[in-house]
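Under our numbering, the first residue of the sequence shown is numbered 263, with each subsequent residue one higher.
To start, the structure itself, in structure tokens.
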Amino acid sequence: MSVNHQILTNTANTTTPYQVDAEVFSPTGSAVTAKLFYRLNGGSFIENRNDKFFGRIFGAQIPAQPLGTFVEYYIEGTTVQILPAHRVTRPSSYTHLMLPNSTICKVEWYSNTAGKIVLTWDDPQL
Numbered sequence: 263m264s265v266n267h268q269i270l271t272n273t274a275n276t277t278t279p280y281q282v283d284a285e286v287f288s289p290t291g292s293a294v295t296a297k298l299f300y301r302l303n304g305g306s307f308i309e310n311r312n313d314k315f316f317g318r319i320f321g322a323q324i325p326a327q328p329l330g331t332f333v334e335y336y337i338e339g340t341t342v343q344i345l346p347a348h349r350v351t352r353p354s355s356y357t358h359l360m361l362p363n364s365t366i367c368k369v370e371w372y373s374n375t376a377g378k379i380v381l382t383w384d385d386p387q388l
């Protein structure tokens with residue numbers, strides 16, 4: 263069972279759903295199923311029931327959320343065969359998406375002579 267996914271980046275989008283796509287397949291050629299689970303601000307995981315498969319590509323959406331929401335999600339893949347299913351289940355860590363309360367336009371960092379990392383950024387756009 264293999265699940266390949268490009269993680270979502272933090273966003274200020276509060277109007278359209280967040281598209282989650284992954285390549286889900288079995289190296290042995292067995293049929294597979296996949297599900298998307300997500301949670302908001304550390305709550306209980308919710309199973310997304312509006313998913314689609316196009317060949318090996320699995321797609322599902324997380325509903326748009328207000329600014330300040332912390333979204334965690336994972337993709338569960340299962341092989342479909344007569345033998346016991348091989349399942350990729352809830353990981354020990356989750357992919358996450360943060361909707362900040364403001365957008366930082368530009369962040370710069372450098373290491374100073376004391377070996378510390380110094381961060382600077384432009385004023386947030388509200």
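Glycine residues also receive a C-beta, built at the ideal position from the N, C-alpha and C atoms.
Only a predicted model underlies this, so the values are computations on that prediction, with no experimental measurement involved.
Option nearest residue i by Cα separation, candidates the options
i, options, result
"Ala322", "Lys314, Pro328, Leu329", "Lys314"
"Pro279", "Gly330, Pro325, Gly377", "Pro325"
"Thr273", "Phe320, Met263, Ala284, Gln327", "Gln327"
"Asp283", "Thr295, Ile269, Thr290", "Ile269"
"Thr290", "Phe320, Ser264, Asn310, Ala376", "Ser264"
"Thr271", "Ala296, Ser306, Tyr335, Phe320", "Tyr335"
Short Cβ contact (8 Å threshold) for residue i with residue j
i, j, result
"Ala293", "Val333", "no"
"Phe316", "Ile308", "no"
"Asn303", "Thr331", "yes"
"Ile337", "His267", "yes"
Which residues DSSP lists as bridging residue i, in chain order
i, result
"Arg301", "Glu334"
The beta strand (DSSP E) enclosing residue i, as first and last residue numbers
i, result
"Gln327", "First-last for Gln327: undefined, no H or E at that position."
"Gln281", "280-287"
"Asn266", "264-267"
"Phe307", "No beta strand (DSSP E) holds Phe307; DSSP gives it neither H nor E."
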